[in-house]
Amino acid sequence: MKLIQISNLSRIYQKGKIIIPALQNIDLEIEAGQFVSIVGKSGSGKSTLLNLIGGLDRATAGKILFNGNDLHTMSRSGLAQHRKKSVGMIFQSFNLIQSRSALENVDLALTFGGVPRNRRKAIATGLLQKVGLGDRINHLPDELSGGETQRVAIARALANKPTVLLADEPTGNLDSETSKEIMELLVDLNKNQGITIILVSHDQESARQVSDWIVKLKDGSVDEIILREEAQCV
Ligand code: ADP
Ligand code: MG
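If you're matching positions, the sequence shown starts at 7 in this note's numbering and goes up one per residue.
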């Protein structure tokens, strides 16, 4: 079974009299273990699509099956469970709690995931080691570089062993060298831990280097699907 099956998916925002079709009739299938990127210009619907897959938002129409369960018709508690257990999310703006250390930020995610207190510290420390921050666990976010902060966010996203990591322009606030390091970490997680990754990027060239395939959105619709082999010939 495909991990994610999206059919005829639409998300239409309404602001007063203005109707904004952010996504229209999207059909996509993503298999477990793939590294898929969503690219397209600003406003093309990338974040909207990622947020629907992550259960942060609900579609206006269509189906979005995750492991065969339809997120569109799922109960509120089912969707909360999906957000907690099935997906991990990282963002351009990191979204860490500023008053908490790296360790505490990861610990909090484990708490939400129902991991007992006596196991949390060891798991959180292990996750921070895995992302290369074993010697920074007690630092606050503003005592860390941008790249280190994103690593903490990745550790936090992995806390509850999600099937999929959803990354919305995770290198958008980082310099090119640090961006490369974060992309390498994502590739490593995909290749060596088998985690499925869906990356939103407006940089098609860097997406091309890491992805099995790319979805290009234009005005809320799928404009093009670019496969790896094809991409490498460009
Ligand atoms: P991208 O991530 O590709 O830049 P988005 O998915 O954020 O694009 O947005 C797609 C379209 O939907 C844009 O026209 C945007 O202005 C609109 N949009 C996004 N979120 C909302 C919202 N909460 N309310 C109204 N319109 C929105
Ligand atoms: Mg966006």
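Here a beta-carbon is modelled for each residue, glycine too, at the ideal position from N, C-alpha and C.
Item, Value
"Which listed residue (180, 178, 139) has its alpha carbon closest to that of residue 162", "139"
"Exposure of residue 239, with buried meaning 16 or more beta-carbon neighbours within 10 Å", "Caution applies to residue 239, whose pLDDT of 49 falls short of 50 and renders its modelled position unreliable; the value that the coordinates give is listed next. When all chains shown are included, residue 239 counts as exposed."
"C-alpha distance - residue 199 paired with residue 80, whole-angstrom precision", "28 Å"
"Chain-order list of residues whose beta-carbon lies under 6 Å from that of residue 8 (same chain, five-residue window excluded)", "35, 37"
"Sequence ranges, beta strand (DSSP E) only - wholly within the region 17 to 104, length at least 3", "24 to 36, 41 to 45, 67 to 72, 93 to 97"
"Cα-Cα separation, residue 62 to residue 52", "14 Å"
"CB of residue 59 within 8 Å of CB of residue 172, strictly", "yes"
"Close-in-space but distant-in-sequence residues of the same chain around residue 193 (CB under 6 Å, 5 per side omitted)", "216"
"Closer than 7 Å: residue 207 CB and nearest ligand 2 heavy atom", "no"
"Stretch-stretch touch, CB-based, cutoff 8 Å, three pairs: the region 10 to 26 with the region 180 to 189", "no"
"For residue 139, three-class secondary structure by DSSP", "coil"
"Secondary structure of residue 117, DSSP reduced to three states", "helix"
"Residue 32 classed as buried or exposed, judged by whether at least 16 other C-beta atoms fall within 10 angstroms", "buried"
"Any non-hydrogen atom of ligand 1 closer than 7 Å to residue 178 Cβ", "no"
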